[in-house]
Ligand code: NAD
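This is the structure:
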């Protein structure tokens, strides 16, 4: 059984980016720069953005954290994005989701210049991705591909079952796994909340990607022996023995998993750190086109 260690692989990716960044700066170039926009005071969003800013510093990037009140209008946010689009010192930008209800997420995403859309959410990038052309790939699916590649997991001809069809995880990973590429060339089934008899598909999955956002939706006994399991879910679970009083767990119950699977991603330490590393990689790629 192989543990797909996202902490280890993401550390390698970050170190590679740090070395390359240092080399550019030594040549007298400016540092790569990520702008992060955060609206309101949602606790989880604050934590995610704080991680992203810290990750930038660790590899030698600069970052601009722009905090706005919940009451910011859609037009004000669009004006800010347009300014960042024009700013030659900004290579990439992210708008932390979810946004307050009065702002249309799709309008905001489409205001970001595709070259600076390092989250890979702009339809332009999604279109390029679907056509197997160079694009900023959404960070979580890109992180999953990097993990599969790093552990040389065979994907061609395999049946990949993806659970969840969100724009940021399920839908793009299903496209990526079906592409004529490595990792890819899978036969893909995309399951979602309206799928009937999902367990029948799960039983047939050589590669199972779970991004449903439902704690322990999948149990070891449902999984095909020898499958590769990628658990995207992140949930807090009470844990009196840990200092914080909680621990993280995924959409897959880890109990008995190692006896069934050929490989799986732990939670924490699997897909999460890979997502963070891929945002840095997208930002660095945007910088290279720009500097
Ligand atoms: P989402 O809520 O936007 O989408 C969930 C999808 O799962 C929907 O398409 C829905 O149809 C499907 N679904 C829900 N319940 C289902 C069920 N019982 N059976 C079948 N399908 C079901 O979620 P998301 O943004 O894709 O995130 C999914 C999970 O992954 C969340 O726990 C989130 O916190 C986590 N996440 C982790 C990372 C990471 O880096 N590890 C990144 C993004 C999201």
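In our numbering, the protein residues as written are -7 to 283. Beta carbons are placed, not taken as given, at the ideal position from N, Cα and C, and that holds for glycine.
Report yes if the C-beta of residue 73 is less than 7 Å from at least one heavy atom of ligand 1; otherwise report no.
Every heavy atom of ligand 1 is 7 Å or more from the Cβ of residue 73, so no.
In whole angstroms, what separates the C-alpha of residue 7 from that of residue 203?
Residue 7 and residue 203: Cα-Cα distance of roughly 28 Å.
Pull up the CB-CB distance for residue 37 and residue 88, whole angstroms please, since I reckon it's below 8 Å.
With a Cβ gap of about 5 Å, residue 37 and residue 88 count as contacting.
What first and last residue would you give for the alpha helix (DSSP H) that runs through residue 174?
Under the DSSP assignment, residue 174 falls outside any alpha helix (DSSP H); it carries neither an H nor an E label.
Scan the segment 226 to 282 and note each continuous alpha helix (DSSP H) run of 4 residues or more that stays entirely inside, going in chain order.
Complete alpha helix (DSSP H) runs here, min 4: 249 to 252 and 263 to 280.
Could you tell me which uninterrupted beta strand (DSSP E) segments, each at least 3 residues in length, are contained entirely in the segment 73 to 129, listed from first to last along the chain?
Runs found: 84 to 87.
Round the Cβ separation of residue -2 and residue 265 to the nearest angstrom and send it over; I've been treating them as touching at under 8 Å.
4 Å between Cβ atoms; contact.
Under 7 Å: does the beta carbon of residue 39 sit that close to some heavy atom of ligand 1?
False, no ligand heavy atom lies under 7 Å from that Cβ.
Between the C-alpha atoms of residue 120 and residue 174, what's the straight-line distance to the nearest angstrom?
When rounded, the distance between both Cα atoms is 17 Å.
Which term fits residue 83, buried or exposed, when burial requires 16 or more other beta carbons within 10 angstroms of its beta carbon?
Per the 10 Å Cβ criterion, buried.
Using the three-state DSSP reduction, which class does residue 207 fall into: helix, strand or coil?
Three-state result, residue 207: coil.
Between residue 195 and residue 207, what straight-line distance do the alpha-carbon atoms span, to the nearest angstrom?
When rounded, the distance between both Cα atoms is 19 Å.
Using a Cβ-Cβ cut-off of 6 Å (strictly less than) and excluding sequence neighbours within five positions of residue 76, which residues of its own chain qualify?
The residues are 27, 82 and 85.
Beta-ladder partner(s) of residue 59, from DSSP
The partner list for residue 59 (beta bridge, DSSP) reads 30.
Among 1, 260, 172 and 34, which has the Cα closest to the Cα of residue 92?
The residue with the shortest Cα to Cα distance from residue 92 is 34.
Flag this pair as yes or no: are the beta carbons of residue 279 and residue 106 separated by less than 8 Å?
Going by C-beta atoms, residue 279 is not nearer than 8 Å to residue 106.
So, does the segment 244 to 262 touch the segment 208 to 223, judging by three or more C-beta pairs under 8 Å?
Below 8 Å, enough C-beta pairs join the segment 244 to 262 and the segment 208 to 223 to call them touching: three or more.
Taking only three categories from DSSP, how would you classify residue 48?
In this structure, DSSP gives residue 48 a helical state, which the three-state scheme calls helix.
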